[in-house]
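Student: Residue numbering for the sequence shown follows the UniProt record's numbering, beginning at 1 and increasing consecutively. Pasting a structure here, questions to come.
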Amino acid sequence: MTIAHPKPALDPIDAVHSAHPLSPLSPAEIRAAKELLVSAGKAGPQTRYSYVSLREPEKADVLAYAGGELPTREVSILLTDLDTQRVRTVIVDVTRGELVHEREIDTSAEGFGPALDADFTAVDEIVKADEEWVAAIARRGITDLDRVRTVPLSAGVFDHPDEIGRRMYRVLAFEQKYETDSMWAHPIDGVVAHVDVGGRSVLRVVENHIRHVPQESGDYLDPTTRGAERTDLKPISITQPEGASFALEDGLLTWQNWSVRLGYNGREGLTLHQLSFTDAGVLRPILYRGSVSEMVVNYGEPTPMHNWQNYFDVGEYQFGRLANSLELGCDCLGEISYVDAIVADDFGDPQSIRNAICIHEEDYGILWKHTDMFSGTSETRRQRRLVVSFFVTVGNYDYGFYWYLYLDGTIELEGKATGIVFTGGHDGSDPYSSRIAPGLGAPVHQHLFSARLDLDIDGTANQIDELEFTPVPMGDGNPHGNAISRSRTPLRTEGEAQRLAANHLGRVWAISSTERRNRLGEPTTYVLHPEGQPVLLADPASSVARRAEFARKNLWVTRYDRDELWAAGYTINQHPGGAGLPAYAQGDRELDAQDLVIWHTFGLTHVVRLEDWPIMPVDYTGFTLKPHGFFDRNPTLDVPDLSTRLCHADRPGGHDAHHHHP
């Protein structure tokens, strides 16, 4: 689940110069964009700014850039006018000082912008001034409203005609008994308010039979809850006496043949750009742009209190603005480099999130090893990976995203989910919710992410094929029935390339160059290995399925378009559905030898356990991209043996004996 609370003010920072066409917006550029809109009469005191990000140049212009003057820098912004609830999208050219695009958003058909910080205070005031809501809370034994924490949640789109064109929230409430108390332990369930925040009114209050408020403490920091802390856990110290092996300069990160440009924006958070691998002195492109484009959290509780609960945390709450400031020893260990992130607040002013991105190396066990009884050699090399990560807190849940680059050319994205599960009152008979404490339940739910992977395998001309294992009947050519076959099915149109994972078949997807071949004459290729967990389990006719159609397939493939960035569409908040991937793929364009964007749905289906309360241990999800004929041989033969003599002390002849050939 996921909700957002008002965030602490961020520290303003000074302007920095943009060093590359894909560099994140500088504070000066954000200020310039706002000043241009204000001076042109397009924004005023009642205007709020969302999705403030660089409109990245056309790929061809970026690939042609060789230094010098930057291509035109454009800033894309969504504007909401609080006095009229008017919503517009604009593009500002800050290089020339021009407004180059403006379009009115039809909020009835296209939805609204994401949650605004001021909405949380406004919603709290609105419901606490509503007599019907206050009476419903009192029926649950709560009369001290100062101890009630209201949680305004994105409303979705349901059968309420009076909500069309209004900026809505659905509001649940919790009791917080003292300042550090975990309110999630005390849901005031059985009552939900539907609030028009623009009109500052409660449209309706819905109640059911749940009236008890669970009382057991969920304060996981309280010694009476957690018990005495352990005393026998010894520290682990990770040191690199000679420093780290990576370098970061002007946003370009280099490490062990890898190079990648780091990006960041207030909607997606961390983005990777122009990820390449130097092979025999040649810089070979692999991933032009990678990001988590969207996520949906769908709750499987069908009662009127909770059947509307689904959240799009990227589009409705702006992941990038919710990033944590990471701390050495807590969030990252080792020889760490941090990168601050620049975002714009609701007023269009630049802010800095300190230490938003963490970069470090990790040992990852054995890279390769063999003891050869015939040659007398014994060799071991250790794997390591470069980690680029950020962590966000969206209400009760915390999400970490870890991009891993390995010595052997493997790329991995790992998502980590932790924090506190969303709770409600449990009457002992709810089959869609787990009991986790007396009177307390947590619904089954899903966290489904869409990774947007603009892959350029050895260039922009690529193709995609589906690979899976197929039985080979016993008979001619397979007399003993032991053959293993793998089929290859071309996915040549956007319609064909909407696919589900199938772990029992070993189904994977191969993205290949149509221009470059390896030394055996085969296309150079990377293979996407899905985790293969369930996709969206809601009924296809449901509201959430219409709005999160991306989450019903593990794979989508579209042709590159600089502005097709969002798996569920641009303005997902209260959008009725059909935006994003279904709209992008509607033309069923040809994919063979084209510039392809791979969209991969992955995630968790969470049946809450007792062990997930009162705070949830990290759960993991993700996917892997592995080279498959991209290199002509193992690219790590040149990795040195960095072990100490102690590793080989028990071998006759000492450390160097195993290097001699007979």
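Built from N, CA and C at the ideal position, the CB exists for glycine as well. Nothing here was measured: the structure is a model prediction, and the numbers come from that model.
Within its chain, find whatever has a CB closer than 8 Å to the CB of Val195; leave out the 5 residues flanking it on each side and keep chain order.
Tutor: Once the five neighbours on either side are set aside, the close Cβ partners of Val195 are Val123, Ile126, Val127, Pro152, Met168, Tyr169, Arg170, Val171, Ser201, Val202 and Leu203.
Student: Mind listing, in chain order, the continuous beta strand (DSSP E) runs of no fewer than 3 residues lying wholly within the segment 370 to 433?
Tutor: The qualifying runs are 378 to 394, 397 to 406 and 411 to 419.
Student: For Phe631 and Arg382, what's the separation of their Cα atoms in angstroms?
Tutor: So the alpha carbons of these two residues sit roughly 20 Å apart.
Student: Check this for me: beta carbons of residue 663 and Gln574, under 8 Å apart or not?
Tutor: Examination of residue 663 is not possible in this model, given that the chain is present from 1 through 662 alone.
Student: Measure the CB-CB distance between residue 687 and Asn310 and report whether it falls below 8 Å.
Tutor: Because the chain is modelled from 1 through 662, residue 687 falls outside the range shown and cannot be assessed.
Student: Assuming Val206 and Ser434 form a contact by the criterion Cβ under 8 Å, report the distance between their Cβ atoms to the nearest whole angstrom.
Tutor: That belief does not hold up - the Cβ atoms of Val206 and Ser434 are roughly 23 Å apart, past 8 Å.
Student: Determine the DSSP secondary structure at His660, reduced to helix, strand or coil.
Tutor: In this prediction, His660 scores a pLDDT of 34, lower than 50, which makes its location untrustworthy; the coordinate-derived value is nonetheless stated afterwards. Reduced to three states, the DSSP call for His660 is coil.
Student: Below 8 Å, can you find three or more Cβ-Cβ pairs linking the segment 560 to 568 to the segment 494 to 505?
Tutor: As far as the Cβ criterion goes, the segment 560 to 568 does not touch the segment 494 to 505, which means the pair count is below three.
Student: CB-CB under 6 Å to residue 739, same chain, minus the five flanking residues each way: which ones, in chain order?
Tutor: No statement about residue 739 is possible, as the shown extent of the chain runs from 1 to 662 and does not include it.
Student: Could you tell me which of Asp61, Arg73 and Leu637 sits nearest to Leu367, measuring between CA atoms?
Tutor: Ranking the options by Cα distance to Leu367, first place goes to Leu637.
Student: Whole angstroms is fine: what's the gap from Pro627's alpha carbon to Val508's?
Tutor: Those two C-alpha atoms are separated by around 13 Å.
Student: Give the list of continuous beta strand (DSSP E) stretches no shorter than 3 residues that lie fully inside the segment 191 to 219.
Tutor: Counting whole runs of 3 or more residues, the segment 191 to 219 contains the beta strand (DSSP E) stretches 191 to 196 and 201 to 207.
Student: With distance defined between alpha-carbon atoms, name the residue in Val639, Trp613, Gly629 and Ser643 nearest to Val226.
Tutor: Looking at the sequence itself, residue 226 is Arg, so the reference to Val does not match. The candidate whose alpha carbon is nearest that of Arg226 is Trp613.
Student: Distance check for Gly439 and Met474, CA to CA, integer angstroms please.
Tutor: Those two C-alpha atoms are separated by around 59 Å.
Student: In its own chain, which residues sit with a C-beta less than 7 Å from the C-beta of His660, not counting the 5 before and 5 after it?
Tutor: Because His660 sits at a pLDDT of 34, beneath the cut-off of 50, its placement in the model cannot be relied upon, and the point is left open.
Student: What residues are listed by DSSP as bridge partners for Ala451?
Tutor: DSSP, once it has assigned bridges, lists Val292 and His600 as partnering Ala451.
Student: What is the residue span of the beta strand (DSSP E) that Gly263 lies within?
Tutor: Its beta strand (DSSP E) spans residues Trp258 to Asn265.
Student: Just curious, the beta strand (DSSP E) that Ser76 is in, first and last residue?
Tutor: Residues Glu74 to Asp81.
Student: With distance defined between alpha-carbon atoms, name the residue in Glu56, Gln46 and Glu242 nearest to Tyr264.
Tutor: Closest by alpha carbon: Glu56.
Student: Could you tell me which of Arg492, Thr624, Gly629 and Leu22 sits nearest to Arg519, measuring between CA atoms?
Tutor: Here the closest residue by C-alpha is Gly629.
Student: To which residues of the same chain is Ala497 closer than 7 Å at the C-beta, ignoring the five residues directly before and after it?
Tutor: Once the five neighbours on either side are set aside, the close Cβ partners of Ala497 are Ile464, Leu491, Leu555, Trp556, Val557 and Leu591.
Student: In the DSSP assignment, what are the bridge partners of Ile353?
Tutor: Note: Ile353 sits in a beta bridge opposite Ala341.
Student: Can you name, in chain order, every residue of its own chain whose Cβ lies under 8 Å from the Cβ of Thr493, other than the five neighbours on each side?
Tutor: Taken in chain order, the residues that qualify are Asp588, Arg589, Glu590 and Leu591.
Student: Taking C-alpha atoms, which residue in Ala136, Phe112, Ser543 and Ala461 lies nearest to Ser512?
Tutor: Taking only the C-alpha atoms, the option nearest Ser512 is Ala461.
Student: Classify Asn355: buried if its beta carbon has 16 or more other beta carbons within 10 angstroms, exposed otherwise.
Tutor: Buried is the call here.
Student: DSSP three-state call for Gly320: helix, strand or coil?
Tutor: Helix, per DSSP.
Student: Please report how far the alpha carbon of Gly218 lies from the alpha carbon of Phe174, in whole angstroms.
Tutor: C-alpha separation (whole angstroms): 12 Å.
Student: Would you mind stating whether His606 and His480 have Cβ atoms separated by less than 8 Å?
Tutor: No, these two residues do not count as a Cβ contact at 8 Å.
Student: State the CB to CB distance for the pair Ser53 and Gln318, rounded to an integer number of angstroms; the pair is presumed to be in contact (CB under 8 Å).
Tutor: At roughly 10 Å, the Cβ-Cβ gap does not stay under 8 Å, so Ser53 and Gln318 are not in contact.
Student: Identify, in the order they occur along the chain, each residue of the same chain with its Cβ nearer than 6 Å to the Cβ of Asp189, setting aside the five sequence neighbours on each side.
Tutor: Only Ile210, Gly424 and Gly425 meet the Cβ criterion.
Student: Look up Val87 in the DSSP assignment and give the residues it is bridged to.
Tutor: Per DSSP, Thr80.
Student: Is the separation between the beta-carbon of Ile598 and that of Gly315 shorter than 8 Å?
Tutor: No. Outside cutoff.
Student: Establish whether the CB of Thr107 and some CB of chain C are separated by less than 8 Å.
Tutor: Of the protein chains in the structure, only one exists, and it is not chain C.
Student: Among residues of its own chain, excluding the 5 on either side of Asp345, which ones have a beta-carbon nearer than 6 Å to its beta-carbon?
Tutor: Gln351, listed in sequence order.
Student: Would you identify the three-state DSSP class for Glu249, choosing helix, strand or coil?
Tutor: Strand at Glu249.
Student: Would you kindly work out how many angstroms separate the C-alpha atoms of Ile164 and Gly198, rounded to a whole number?
Tutor: Approximately 12 Å between the Cα atoms of the pair.
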